[in-house]
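Report on one structure; see the data block that follows.
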Amino acid sequence: MEYYFDSAATTKLHPKALEAMLPAFSEFYGNPSGSHSMARKSLRKVDDAREQLAELLAVKPSEIIFTSGGTESDNFAIKGPSTAERKPATFNTEHHAVLEPVECLDGAVMPVDESGVAIADAIKDLPETTSVVSCMAANNEIGTLQPIAEVAAQVRENLPTALFHVDAVQGFCWLNMSEITSAADLVSLSAHKFGGPKGIGVLVSKKGCQLEPQLVGGSQERGKRSGTLNVPGIVGMAAAAVATVERKAAKVSEVKQLRDRLSNGIKASLPDAVETVFQEGRLNILPNIAHFCFPEVASEALIFLLEREEIMASAASSCASGAMQPSHVLTAIGYSKELASGSLRLSLSYETTEAEVDHVIEKVTESVNQIRKAKK
Ligand code: PLP
Numbered sequence: 002m003e004y005y006f007d008s009a010a011t012t013k014l015h016p017k018a019l020e021a022m023l024p025a026f027s028e029f030y031g032n033p034s035g036s037h038s039m040a041r042k043s044l045r046k047v048d049d050a051r052e053q054l055a056e057l058l059a060v061k062p063s064e065i066i067f068t069s070g071g072t073e074s075d076n077f078a079i080k081g082p083s084t085a086e087r088k089p090a091t092f093n094t095e096h097h098a099v100l101e102p103v104e105c106l107d108g109a110v111m112p113v114d115e116s117g118v119a120i121a122d123a124i125k126d127l128p129e130t131t132s133v134v135s136c137m138a139a140n141n142e143i144g145t146l147q148p149i150a151e152v153a154a155q156v157r158e159n160l161p162t163a164l165f166h167v168d169a170v171q172g173f174c175w176l177n178m179s180e181i182t183s184a185a186d187l188v189s190l191s192a193h194k195f196g197g198p199k200g201i202g203v204l205v206s207k208k209g210c211q212l213e214p215q216l217v218g219g220s221q222e223r224g225k226r227s228g229t230l231n232v233p234g235i236v237g238m239a240a241a242a243v244a245t246v247e248r249k250a251a252k253v254s255e256v257k258q259l260r261d262r263l264s265n266g267i268k269a270s271l272p273d274a275v276e277t278v279f280q281e282g283r284l285n286i287l288p289n290i291a292h293f294c295f296p297e298v299a300s301e302a303l304i305f306l307l308e309r310e311e312i313m314a315s316a317a318s319s320c321a322s323g324a325m326q327p328s329h330v331l332t333a334i335g336y337s338k339e340l341a342s343g344s345l346r347l348s349l350s351y352e353t354t355e356a357e358v359d360h361v362i363e364k365v366t367e368s369v370n371q372i373r374k375a376k377k
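Numbered by our numbering, the letters in the sequence shown go through residues 2 to 377 in order.
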């Protein structure tokens with residue numbers, strides 16, 4: 002049996018998504034840009050999916066741009082509104098899909114506080130010519146929730162000509178999406194984080210946003226994003242989104258309780274474990290993420306031992322030129338390299354059970370103790 006605790010990395014395809022996708026390969030496989038009846042059939046499926054997604058996101062169908070996923074949506078949101086004179090800005094714990102385009106364009110990177118919360122006041126110091134301010138809804142490593150309404154208010158007040166982008170890739174299963182889409186001009190989503198297929202996503206681009214297309218050619222998506230539409234991906238994403246929203250209200254609190262059981266269990270059996278950005282009640286982080294740093298433990302060794310127990314988890318460290326680098330997120334919140342190198346992210350899904358959580362508590366404890374014993 003596998004214990005999958007890496008849902009923040011990706012999720013299993015929802016059966017409803019698979020069911021929606023299969024006929025798109027074999028039945029309505031026409032190119033939706035064509036002019037014959039099979040093309041029109043595919044286009045109708047795409048239009049239906051667009052309408053469903055728009056309704057779930059509380060935006061207009063014309064505000065949905067289909068992309069190849071979170072990375073493309075983020076790049077588009079940063080590069081689309083920017084020019085040599087107008088530069089983007091973001092915060093230093095963002096996903097690399099936001100940080101790298103901002104850095105490539107010589108944009109501004111603002112700080113977060115020790116809990117990973119964006120310091121919204123820093124927006125006051127940005128130049129008036131800022132093209133777009135980007136702030137994620139929730140951090141993919143440590144789960145910190147960002148004060149989107151407050152950041153939006155600062156952008157509106159101080160930078161009336163800038164766009165406001167939210168990378169909501171980690172949020173769809175857990176957060177109120179209409180609150181995010183009402184505060185932002187641009188919102189990134191990725192289907193594989195909520196039971197949809199990989200390689201498909203959305204950039205919500207509200208009416209009036211001027212974006213320079215990054216992919217030109219066939220003029221699909223009203224000229225904003227060229228390329229033959231990924232019909233199976235689009236219908237699979239919409240089906241996964243509908244299935245997620247149907248269960249969301251019940252699952253958010255259920256998963257939070259399981260996550261609290263997991264985090265409390267690890268803390269009880271390994272008292273020196275540092276629970277990252279811990280606050281009473283854990284309302285400051287996503288309900289499905291448990292993140293720890295274990296002193297005197299190397300993440301790679303821990304992940305290896307957990308894998309031997311069939312537990313799939315993540316270290317949230319990136320491997321650059323053969324050496325494990327501490328995560329930029331942990332560095333940004335002031336963790337030392339030593340502490341950051343013992344990080345472990347366990348991320349739960351709607352499917353996680355209490356028995357799985359209890360098994361993981363036991364095996365994490367055994368593995369950490371085993372690594373420490375071997376070092377002595
Ligand atoms: N943004 C965040 C916050 C993410 O967690 C991820 C994926 O891990 C991405 C962007 C990139 O999304 P994709 O894998 O669809 O390119």
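Ideal Cβ positions, reconstructed from N, Cα and C, are used throughout, including at glycine. All values derive from a computational prediction rather than experimental measurement.
{"Check": "Residue closest to Cys136, alpha-carbon to alpha-carbon, out of Asp107, Val103 and Glu311", "Outcome": "Val103"}
{"Check": "As assigned by DSSP and simplified to three states, the class of Ala250", "Outcome": "helix"}
{"Check": "Any non-hydrogen atom of ligand 1 within 7 Å of Gln171 CB", "Outcome": "yes"}
{"Check": "Beta-carbon proximity check, Val369 vs Leu271, cutoff 8 Å", "Outcome": "yes"}
{"Check": "Asn285 Cβ short of 7 Å to ligand 1 heavy atom set", "Outcome": "no"}
{"Check": "Cα-Cα separation, Lys249 to Cys174", "Outcome": "6 Å"}
{"Check": "Nearest residue (CA-CA) to Thr12, options Thr162, His193 and Val243", "Outcome": "His193"}
{"Check": "Which residues DSSP lists as bridging Val113, in chain order", "Outcome": "Ala119"}
{"Check": "Three CB pairs or more closer than 8 Å across the stretch 14-25 and the stretch 203-220", "Outcome": "no"}
{"Check": "Identified DSSP bridge partners for Arg346", "Outcome": "His292 and Ser315"}
{"Check": "Between the CA atoms of Ser36 and Val278 - distance to the nearest angstrom", "Outcome": "55 Å"}
{"Check": "In DSSP terms, what Val134 is bridged to", "Outcome": "Ala90 and Phe165"}
{"Check": "At least 3 beta-carbon pairs within less than 8 Å: the stretch 53-73 vs the stretch 237-244", "Outcome": "yes"}
{"Check": "Check: Met313 C-beta below 7 Å from any heavy atom of ligand 1", "Outcome": "no"}
{"Check": "CB contact flag (Ile124, Gln155, <8 Å)", "Outcome": "yes"}
{"Check": "Asp75 CB to nearest heavy atom of ligand 1 below 7 Å", "Outcome": "yes"}
{"Check": "Supposed close pair Ala110, Leu100 - CB separation, criterion 8 Å", "Outcome": "For the sequence presented, residue 110 should be read as Val rather than Ala. Between Leu100 and Val110 the Cβ distance is about 7 Å, and since that is below 8 Å, they are a contact."}
{"Check": "Ser206 - partner residues in DSSP beta bridges", "Outcome": "Leu187"}
{"Check": "Opening and closing residue of the beta strand (DSSP E) in which Thr68 lies", "Outcome": "Ile65 to Thr68"}
{"Check": "Exposure of Asn141, with buried meaning 16 or more beta-carbon neighbours within 10 Å", "Outcome": "buried"}
{"Check": "Pairwise C-alpha distance: Leu349 and Ala314", "Outcome": "10 Å"}
{"Check": "Between the CA atoms of Arg373 and Pro233 - distance to the nearest angstrom", "Outcome": "48 Å"}
{"Check": "Other residues of its chain near Thr72: CB distance less than 7 Å, five sequence neighbours each side excluded", "Outcome": "Ala98"}
{"Check": "Contact check, Leu347 vs Phe6, beta carbons under 8 Å", "Outcome": "yes"}
{"Check": "Any non-hydrogen atom of ligand 1 within 7 Å of Ala98 CB", "Outcome": "yes"}
{"Check": "Check whether Val217 and Ser206 have beta carbons under 8 Å apart", "Outcome": "no"}
{"Check": "Presumed contact (8 Å Cβ cut-off) between Thr91 and Gly108, rounded CB distance", "Outcome": "7 Å"}
{"Check": "Residues near Glu357 by beta carbon distance below 7 Å, same chain, minus five either side", "Outcome": "Tyr4"}
{"Check": "Start-to-end residues for the alpha helix (DSSP H) that takes in Ala50", "Outcome": "Ser38 to Leu58"}
{"Check": "Per-residue DSSP class, three states only, for Asp107", "Outcome": "coil"}
{"Check": "Rounded straight-line distance, which links the Cα of Lys61 to that of Ala9", "Outcome": "28 Å"}
{"Check": "Among Phe305, Pro296, Glu363 and Ile286, nearest to Ser337 - alpha-carbon criterion", "Outcome": "Pro296"}
{"Check": "The alpha helix (DSSP H) enclosing Thr84, as first and last residue numbers", "Outcome": "Here Thr84 belongs to no alpha helix (DSSP H), and DSSP marks it neither H nor E."}
{"Check": "Simplified DSSP state of Ile334, which is helix, strand or coil", "Outcome": "coil"}
{"Check": "Test: Arg157 CB closer than 8 Å to a CB of chain B", "Outcome": "Going by chain labels, chain B is absent from the structure shown, which holds only one protein chain."}
{"Check": "Residue from Ala59, Thr366 and Glu352 with nearest C-alpha to Leu14", "Outcome": "Glu352"}
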